[in-house]
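So the sequence lines, in the order shown, correspond to chains F and R. Note that our numbering numbers the first sequence so that position 256 is 256, with each residue one more than the last. All you need for our numbering is the position in the second sequence, starting with 1, plus 1000.
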Amino acid sequence: MNFFFEVLIGGLLSGVMYALVALGFVMIYKASGVFNFAQGAMVYLAALSVVGCMEKGAPLWLAIILAFAIMTAFGIATEKFVLRKLVNQPPIALFMATIGLAFFIEGVAPMVFGSEPRALELGIVDEPIPWVLDNWNMVISKFDLVAAGVAAVLVATLALFFQYTRIGRALRAVADDHQAALSIGIPLQNIWAIVWGVAGFVALVAGMMWGARNGVQFALTFTALKALPVLILGGFTSVPGAIVGGLIIGASEKLAEIYIPPVMQDWFGGNFGGIEGWFPYVLALLFLLVRPEGLFGEKHIDRV
Amino acid sequence: MLYREAGQFKTTYAADQQIFPIRQDRIGVIALLVVAFLGVPLFASEYWFSAILIPFLIFALAALGLNVLTGYAGQLSLGSAAFMAVGAYAAYNFQLRVEGIPILVSFICAGLTAAGVGILFGLPSLRIKGFYLAVATLAAQFFIVWCLTKFPWLSNNSSSGVISTQRLIIFGHELTTPVEKYLLVLAIVVVMALAAKNMVRSATGRAWMAVRDMDVAASVIGIKLMQTKLLAFAVSSFYCGVAGALYAFCYLGSVEPDGFSLEMSFKILFMIIIGGVGSIMGSFLGAAFILLLPIFLDIALPFFADLFGLPFSSATVSHIQITVFGALIMFFLIVEPHGLARLWQIAKEKLRLWPFPH
Chain F
1 MNFFFEVLIG
11 GLLSGVMYAL
21 VALGFVMIYK
31 ASGVFNFAQG
41 AMVYLAALSV
51 VGCMEKGAPL
61 WLAIILAFAI
71 MTAFGIATEK
81 FVLRKLVNQP
91 PIALFMATIG
101 LAFFIEGVAP
111 MVFGSEPRAL
121 ELGIVDEPIP
131 WVLDNWNMVI
141 SKFDLVAAGV
151 AAVLVATLAL
161 FFQYTRIGRA
171 LRAVADDHQA
181 ALSIGIPLQN
191 IWAIVWGVAG
201 FVALVAGMMW
211 GARNGVQFAL
221 TFTALKALPV
231 LILGGFTSVP
241 GAIVGGLIIG
251 ASEKLAEIYI
261 PPVMQDWFGG
271 NFGGIEGWFP
281 YVLALLFLLV
291 RPEGLFGEKH
301 IDRV
Chain R
1001 MLYREAGQFK
1011 TTYAADQQIF
1021 PIRQDRIGVI
1031 ALLVVAFLGV
1041 PLFASEYWFS
1051 AILIPFLIFA
1061 LAALGLNVLT
1071 GYAGQLSLGS
1081 AAFMAVGAYA
1091 AYNFQLRVEG
1101 IPILVSFICA
1111 GLTAAGVGIL
1121 FGLPSLRIKG
1131 FYLAVATLAA
1141 QFFIVWCLTK
1151 FPWLSNNSSS
1161 GVISTQRLII
1171 FGHELTTPVE
1181 KYLLVLAIVV
1191 VMALAAKNMV
1201 RSATGRAWMA
1211 VRDMDVAASV
1221 IGIKLMQTKL
1231 LAFAVSSFYC
1241 GVAGALYAFC
1251 YLGSVEPDGF
1261 SLEMSFKILF
1271 MIIIGGVGSI
1281 MGSFLGAAFI
1291 LLLPIFLDIA
1301 LPFFADLFGL
1311 PFSSATVSHI
1321 QITVFGALIM
1331 FFLIVEPHGL
1341 ARLWQIAKEK
1351 LRLWPFPH
């Protein structure tokens, strides 16, 4: 039972890491209706630019500020040169454009900052917390706990930002209805630039957490793929959905990885590890059959 | 002037309904086929066959399959490589386990197997659409590749799922040279492309397009959504499956599950975006473009590097390739969302008046 809880908590905490990436998707989807496939590439770009700046001799805080500047500039450029030209195109076209954008970043970022895998030192060690280890005999990583804390702070900040600031209200208005927002004088294009900036910030946080954990390398772009089932489980438009979805996916995939392969081995023989790779997708798929709009997504009504 | 339908009167329904209604198109297609079947084998070198022409035709077939699903029926799929994998492994297993099965029959069976799997993974499309569906098809991508790696029966107990395909024997004649393989692939692709062309202008194709444009409206006018969508998944997967079988048997000869990666699915998706979403010819143009671009960059980049005295490592070249790829996708979507096929259409309209545009 102890082992079960250890796996469960480990899974929940790693789910928070997925949620961090998923949040970036939700931000952009909420405000502009674009499903931004490049979010994973943005995470990679953010982590790379932090590491790159530190290699050039900048201290950590300066590197973070520089990376944030890069992400913001990048977001604004994306809005200006790609999305603005694609206004009124079907959402699928925008989605495909962001796939192109992802490739673009994956090509440019390593050319600028170098492609070899590097470590990112944030001063948090990835080791078990002694107190928990002594009292309950469970291995809970200190780093995962910090990541969960960061995610909680990030979500709270975003929630406050959306709820109480002028820009946040404008963002919600745009998310509700572009035309109506335009007609009451909200500058749509500025708002989109801000959204991409915020998404860049979320990508920066996610990139630093993931980079510190697994090293800054190309594999960071795959975090986006892990975030997709989280998204469809939680609903594209919901910030709490991203968190809850992340927790569910994280916990269930770790539990599945531990408990399903032995059963399959009994049935078929052979080695069935690596279930983690597809389990979240199948879980999300089955879930969608029951609730097509995700846990917290808005119910979609079709009109002819 | 030269390309004009004026004066071509149709006096029978059969003439009115034929697949290429304009005489110039018919001449063009026949000329193209003659060149492809007779001209190319005479002049192309072995390298051309095995490195460019065969993969081009195979990927064009896969792109055609995806185009049926995404371009005509409007169901975005990110799992086409997985259906190719199903086709490849199914063809291998039919050859292996069914005594004396002709190779073409096993290709068809491979396509049908892929179609079955496609229907299975198409089931969610009845409930979900758009991006949710795209993510759902990722489940197919990862799950199928995982299955092929982990179940040793599927790859006849080879390590890590690598299979080496059997010999290609058709009517007692073994195909060994690239030219023969090319002709086999070409024949299959031509037949299937014509079938697709006919399918999309039939009632089925019109139903697909209605569903693509708005599925609720389509169901209101009496199109059965379930049948239509699942048929699109089946046909698309059939095409991808046959393409996968050809990929294994005629192109590589030995494949592993991880070769059919998500990257390949994206490649096929890019082919239809660049070629033209919802266009049969676009699948071919897109496949040619996506396959030739890396080869072109491989040749062009060192040349530019020499020209400007820049040291390009192979890593840089691959990064530039990815960058150019991404930039081109965005460029095409912005400038010409309908792809290369649309450019050809515009050219045809210009040709109608050429050389006296006024």
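Quick reminder that beta carbons are idealized off the backbone N, C-alpha and C, glycines included. Keep in mind that this is a model prediction, so the values were computed, not measured.
Determine the extent of the alpha helix (DSSP H) in which residue 1053/R is found, giving its start and end residues.
The continuous stretches of alpha helix (DSSP H) do not include residue 1053/R, and DSSP gives it neither H nor E.
Those runs of the alpha helix (DSSP H) which lie wholly inside the region 1062-1149 of chain R and span at least 4 residues:
1080-1097 and 1103-1122
Write down the C-beta distance between residue 284/F and residue 233/F rounded to the nearest angstrom, noting that I regard them as a contact closer than 8 Å.
Confirmed, Cβ separation roughly 5 Å.
Using a Cβ-Cβ distance under 9 Å, would residue 1059/R count as near chain F?
Closer than 9 Å: no.
Residues of chain F with CB under 9 Å from residue 1083/R, in chain order?
Against chain F, the beta carbon of residue 1083/R has no neighbour under 9 Å; the closest one sits roughly 15 Å away.
State the start and end residues of the unbroken alpha helix (DSSP H) segment that holds residue 116/F.
No alpha helix (DSSP H) contains residue 116/F, which DSSP labels as neither H nor E.
According to DSSP, residue 1174/R sits in a beta bridge with which residue or residues?
1169/R
Since residue 1162/R contacts residue 1256/R with CB under 8 Å, what's their CB separation in whole angstroms?
4 Å
Flag this pair as touching only if the region 1038-1056 of chain R and the region 1175-1184 of chain R have three or more C-beta atom pairs under 8 Å; answer yes or no.
Taking 8 Å as the limit for Cβ pairs, the verdict is that the region 1175-1184 of chain R does touch the region 1038-1056 of chain R.
Within 8 Å, do at least three Cβ pairs link the region 241-261 of chain F to the region 1164-1173 of chain R?
In short, these stretches do not touch, since the Cβ pair count stays below three.
I'd like to know whether the C-beta of residue 39/F is nearer than 9 Å to at least one C-beta of chain R.
Taking Cβ atoms only, chain R never reaches closer than 9 Å to residue 39/F, which makes this a no.
Return the residues of the region 1288-1320 of chain R that lie within a Cβ-Cβ distance of less than 9 Å from chain F, sorted by chain order.
Of all residues in the region 1288-1320 of chain R, 1315, 1316, 1318, 1319 and 1320 have a Cβ within less than 9 Å of some Cβ in chain F.
Taking all protein chains shown into account, decide if residue 317/F is buried (16 or more other Cβ within 10 angstroms of its Cβ) or exposed.
There is no way to answer for residue 317/F, as the model of chain F reaches only from 1 to 304.
Segments of 3+ residues assigned as beta strand (DSSP E) that fall wholly inside the region 1016-1046 of chain R
If we require 3 residues or more, the region 1016-1046 of chain R turns out to have no beta strand (DSSP E) run fully inside it.
Write down every uninterrupted run of the alpha helix (DSSP H) in the region 1204-1260 of chain R whose length is 4 residues or greater and which is fully enclosed by it, in chain order.
1215-1220 and 1225-1246
Kindly indicate the opening and closing residues of the alpha helix (DSSP H) around residue 291/F.
No alpha helix (DSSP H) holds residue 291/F; DSSP gives it neither H nor E.
Would you tell me roughly how many angstroms separate the C-alpha atoms of residue 295/F and residue 157/F, rounded to the nearest one?
22 Å
Where the alpha helix (DSSP H) through residue 1295/R begins and ends
Where residue 1295/R is concerned, the enclosing alpha helix (DSSP H) stretches over 1280-1308.
Cα separation between residue 173/F and residue 34/F?
When rounded, the distance between both Cα atoms is 16 Å.
Give a yes or no on whether 9 Å exceeds the smallest Cβ distance from residue 277/F to chain R.
yes
Alpha carbon to alpha carbon, how far is residue 1269/R from residue 1125/R? Give it in angstroms, no decimals.
18 Å
For the region 1273-1289 of chain R against the region 1105-1120 of chain R, are there 3 or more C-beta pairs whose distance is under 8 Å?
no
Taking 9 Å as the threshold (beta carbon to beta carbon), is residue 303/F in contact with chain B?
Absence of chain B from the displayed structure is noted, the protein chains being F and R.
Checking the sheet assignment: what are the DSSP bridge partners for residue 1159/R?
Note: residue 1159/R sits in no beta bridge, so no partner.
Checking contacts by CB at 9 Å: is residue 1215/R closer than that to chain F?
Under the 9 Å criterion on CB atoms, residue 1215/R is classed as interfacial with respect to chain F.
By how many angstroms is the C-alpha of residue 267/F removed from the C-alpha of residue 1150/R?
Straight-line Cα distance between these residues: approximately 13 Å.
Along the region 102-119 of chain F, where does the CB come closer than 8 Å to a CB of chain R? Name the residues.
102, 103, 104, 105, 106, 107, 108, 110, 111 and 115
The alpha helix (DSSP H) spanning residue 71/F covers which residue range?
60-78
Quick check: the Cα distance between residue 1205/R and residue 1232/R, rounded to an integer number of angstroms?
One Cα belongs to residue 1205/R, the other to residue 1232/R, and the distance between them is close to 9 Å.
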